[in-house]
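Below is one structure, written out as structure tokens; the observations come after it.
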Amino acid sequence: MSDYTGVVTNVGQAKIAAAIGGTALNLTTIRVGDGNGAPITPSPAMTDLVRRVGAAYPIISAGRDPVNANHWRVSALIPVDDGPFDIREIAVFDAAGDMIAIARHVLVEKRSPAQGAAVELVTDIVFPVSETAQVTVQIQPAAAISIFQMLRAGFCVVESATVTAPPGAPALGRTHVIPAGATGAWAGLAGYLAQWNGTAWVAVDVPVGHQVVDQSKTTAARYLSRTATGWAADIPSVVQSGKWNYAVAAGTANALTVTLDPPLSAYTPGLVLRVRAASTNTAAYTLDAGAGAKAVVRYDGTPTQPGDRPPGVISEYIYDPVADAWRLMVLPTRLGGQSIYGTAGSYSFVVPDGVTQVEVEVWGAGGGSGACLGLTNICGSTGGGGGYARKTIKGLTPGSSVAVTIGTGGTGGVASPFAQPGAGGSSSFGAYVSATGGGSGQSASGVLPTFAGSGGTGSGGDVHVSGAPGGLYWIGNGGSVVYAPPGNAYGNPFRQPGSGDGIGLAASNAGDAGTAGITSTGASRNGGAGAPGKVIVRY
1 MSDYTGVVTN VGQAKIAAAI GGTALNLTTI RVGDGNGAPI TPSPAMTDLV
51 RRVGAAYPII SAGRDPVNAN HWRVSALIPV DDGPFDIREI AVFDAAGDMI
101 AIARHVLVEK RSPAQGAAVE LVTDIVFPVS ETAQVTVQIQ PAAAISIFQM
151 LRAGFCVVES ATVTAPPGAP ALGRTHVIPA GATGAWAGLA GYLAQWNGTA
201 WVAVDVPVGH QVVDQSKTTA ARYLSRTATG WAADIPSVVQ SGKWNYAVAA
251 GTANALTVTL DPPLSAYTPG LVLRVRAAST NTAAYTLDAG AGAKAVVRYD
301 GTPTQPGDRP PGVISEYIYD PVADAWRLMV LPTRLGGQSI YGTAGSYSFV
351 VPDGVTQVEV EVWGAGGGSG ACLGLTNICG STGGGGGYAR KTIKGLTPGS
401 SVAVTIGTGG TGGVASPFAQ PGAGGSSSFG AYVSATGGGS GQSASGVLPT
451 FAGSGGTGSG GDVHVSGAPG GLYWIGNGGS VVYAPPGNAY GNPFRQPGSG
501 DGIGLAASNA GDAGTAGITS TGASRNGGAG APGKVIVRY
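Here it is, written out as structure tokens:
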């Protein structure tokens, strides 16, 4: 038996025996205790916790343990405002107030917002119950609604956002976005989130800006955000994450059109598009990405000239709201060579003969992500992506040297001996242009992380793009934990959040953060290291 599996008390054994005979056992609340400052040894003779802390917490989910059908798993939510106290023991009580089972709890230091640690905690107890016993559980709808309060981090996963009829026999905790035209228990609740609590659908509204991932879809349209009037495809996050690589242009040589999924309704400042056109332009040209045709200008703001757009090449466009135009982010003349530095260290770029102008791209290194240990369903937070900068440098002298520095990727967090992850290092091309590394995530020991890595920034360039920040975690159905996507550097593909049990992985693309360590069993898992930075010199 596990050190943390519950022991049924003598009173509980008698009531379970009666439940086998037909007298229902109604479980209602969970309580926790601090063991009077020491780990406890559960005993059937116990009638109460060694020392209670906190309140009597209503049960939010219960059922047969998926690993052992002869055991029950019962969960409760400890609100963010409860504390401060330590948790070393946990017990479940019935409607009569009798303690049915008690278990040793992994040490959790539950702190309060006043102490700077705003943490909601889902905890559970697993204990043996015969498959023939008639056990009922009183699940309080108000407690089920508290599950959605945990989602104020701004993100959750749903089964579907298009099903109009409530499923007849869903699994406990299944969640849907209620669409327009819903029927049955969902009628009149369009836009709400609905979750099955075991006996009924609990529907709640969520704040504008809340995001969901619709698991029934596979395209970029699966990412939705709550609006004042419903739910809309989260276009900015899809574009900025690089979920798609490029669009193939239609239209004519001097009037390009592209069709995106989901479609754009407006051009936002700094919007980046990557477009491949089969032919070159023969004059100044326009680009229509769904919200109207806009003029395309050179990277320096001057009108495009014939041949500026190479045929069959993926070109990058950035929307400039001041000029109300797309800036074509390529040099007006073809570049003949390049030098790439992608390993951490110091180098020297020697300006080739006949070269006085170069285009330089710089990526800072990615931050390391956190390790985890000491708690079931826990993960580290993820590091941030390195910053990015691009600059055209003129007036160089052939034969002269420019120092090149490539930042080292941040180290991943270590579970044993416990260590926090490291931040990514800065990269630079002389004193001309540089980019800082992404910030480090946080390793978690016994409590969930409280901060994540920030994205790096660019400096000295014509174009600057901050790295994507890392994230904390999302708490799913039944208390499962999902680590947030690690921060990406500019131009790299978006990486999905992670769940289950495993070590964090080192990043492979320049400037990206590693993934976080995560466990569903309480095992020790190291975090992943960030990737080194990079410098590309074109001439």
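Heads up: the sequence shown begins at 1 in my numbering, then just goes up one per residue. Glycine included, each C-beta is placed from N, C-alpha and C at the ideal position. The structure displayed is predicted, hence computed values, not measured ones.
Quiz item: Using DSSP with H/G/I as helix, E/B as strand and the rest coil, what is K394?
Solution: coil
Quiz item: Can you tell which of R298, L472, T457, Y539 has its C-alpha closest to the C-alpha of A283?
Solution: R298
Quiz item: Is it true that the stretch 306 to 315 meets the stretch 360 to 379, where meeting means three or more beta-carbon pairs spaced less than 8 Å apart?
Solution: no
Practice problem: Kindly provide the ranges of any alpha helix (DSSP H) runs that are 4 or more residues long and lie completely inside the stretch 10 to 40, ordered along the chain. | Solution: Counting only runs of 4 or more, we get 10 to 20.
Quiz item: Taking contact to mean at least 3 C-beta pairs separated by less than 8 Å, is the stretch 414 to 424 in contact with the stretch 397 to 406?
Solution: no
Quiz item: Which value, in whole angstroms, describes the spacing of the CA atoms of G292 and D324?
Solution: Taking the straight line from one Cα to the other gives about 11 Å.
Quiz item: By Cβ distance below 6 Å, which residues in the same chain neighbour A180 in space, the five residues on each side in sequence not counted?
Solution: A190
Exercise. Look at the alpha carbon of R52 and the alpha carbon of S216, and state the distance between them as a whole number of angstroms.
Key: R52 and S216: Cα-Cα distance of roughly 44 Å.
Exercise. Classify P166 as helix, strand or coil using the three-state DSSP reduction.
Key: coil
Quiz item: Using DSSP with H/G/I as helix, E/B as strand and the rest coil, what is G184?
Solution: In the three-state reduction of the DSSP assignment, G184 falls in the helix class.
Quiz item: Which word fits Y246, buried or exposed, when buried means at least 16 other C-beta atoms lie within 10 angstroms of its C-beta?
Solution: exposed
Quiz prompt | Reference S524, options Y432, L375, G37, closest by Cα | solution = The candidate whose alpha carbon is nearest that of S524 is L375.
Self-check item: Delimiting residues of the beta strand (DSSP E) encompassing R276
Solution: 272 to 276 is the span of the beta strand (DSSP E), which, as asked, contains R276.
Quiz item: When DSSP labels each residue in this structure, what does R525 get in the three-state scheme?
Solution: DSSP, reduced to helix, strand and coil, places R525 within a strand of the structure shown.
Exercise. Entirely within the stretch 441 to 479 and at least 3 residues each: give me those beta strand (DSSP E) ranges in chain order.
Key: 463 to 465, 473 to 475
Exercise. Can you tell me which of R495, V296, A250 puts its alpha carbon nearest to the alpha carbon of R276?
Key: By alpha-carbon distance to R276, the top candidate from R495, V296, A250 is A250.
Quiz item: Within 10 angstroms of its Cβ, does F127 collect 16 or more other Cβ (buried), or is it exposed?
Solution: Answer is buried; the Cβ neighbour count reaches 16.
Practice problem: Identify the continuous beta strand (DSSP E) that holds A76 and give its terminal residues. | Solution: 71 to 78
Quiz item: Can you check whether the CB of G487 is closer than 8 Å to the CB of G437?
Solution: No.
Practice problem: State buried or exposed for A14, treating a residue as buried only when at least 16 other CB atoms are found within 10 Å of its CB. | Solution: exposed
Exercise. Check the C-beta distance from Q442 over to G345 and give it rounded, since I have them as a contact under 8 Å.
Key: Rounded, the Cβ-Cβ distance is 28 Å, inconsistent with contact.
Practice problem: Taking the CB atoms as reference points, tell me whether K110 and I78 lie closer together than 8 Å. | Solution: yes
Quiz prompt | Spatial neighbours of W231 in its chain, beta-carbon cut-off 8 Å, leaving aside the 5 residues before and after | solution = A161, V177, G191, V212, L224, S225
Exercise. Could you spell out the range, first to last residue, of the beta strand (DSSP E) harbouring D600?
Key: An answer regarding residue 600 cannot be provided, because it is not within the stretch 1 to 539 covered by the chain.
Quiz item: Going by other Cβ atoms of all chains shown within 10 Å of its Cβ, with 16 needed for buried, is F85 buried or exposed?
Solution: buried
Practice problem: Taking Y317 as part of the beta strand (DSSP E), name the residues at either end of that continuous run. | Solution: Y317: member of the beta strand (DSSP E) spanning 314 to 320, first to last residue.
Quiz item: Of the choices A171, Y57, L27, whose alpha-carbon is the least far from that of G33?
Solution: Y57
Practice problem: Specify, as a first and last residue, the run of the beta strand (DSSP E) that Y347 falls within. | Solution: 345 to 350
Quiz item: Under the DSSP definition of a beta bridge, which residues are partnered with T175?
Solution: T175 is bridged by DSSP to Q195.
Quiz item: Is K391 buried or exposed, if buried means 16 or more other CB atoms sit within 10 Å of its CB?
Solution: By the 10 Å Cβ count, K391 comes out buried.
Quiz item: CB-CB under 6 Å to P170, same chain, minus the five flanking residues each way: which ones, in chain order?
Solution: The beta carbon of P170 is closer than 6 Å to those of W196 in its chain, skipping five residues each way along the sequence.
Practice problem: Tell me whether A114 sits in a helix, a strand or coil according to DSSP, three-state version. | Solution: A114 falls in the helix class under three-state DSSP.
Self-check item: Buried versus exposed call for D124 [16 or more other C-beta atoms within 10 Å across all chains shown]
Solution: buried
Quiz item: Comparing alpha-carbon positions, which option in A507, V204, Y267 lies nearest G412?
Solution: A507
Quiz item: Going by DSSP, what residues sit across from Y341 in a beta bridge?
Solution: As a beta-bridge residue in DSSP terms, Y341 pairs with V535.
Practice problem: Compute the Euclidean distance between the alpha carbons of L28 and W72, then round it to the nearest angstrom. | Solution: Residue identity differs from the one stated: residue 28 is Thr in this sequence, not Leu. If you take the alpha carbons of T28 and W72, they lie about 14 Å apart.
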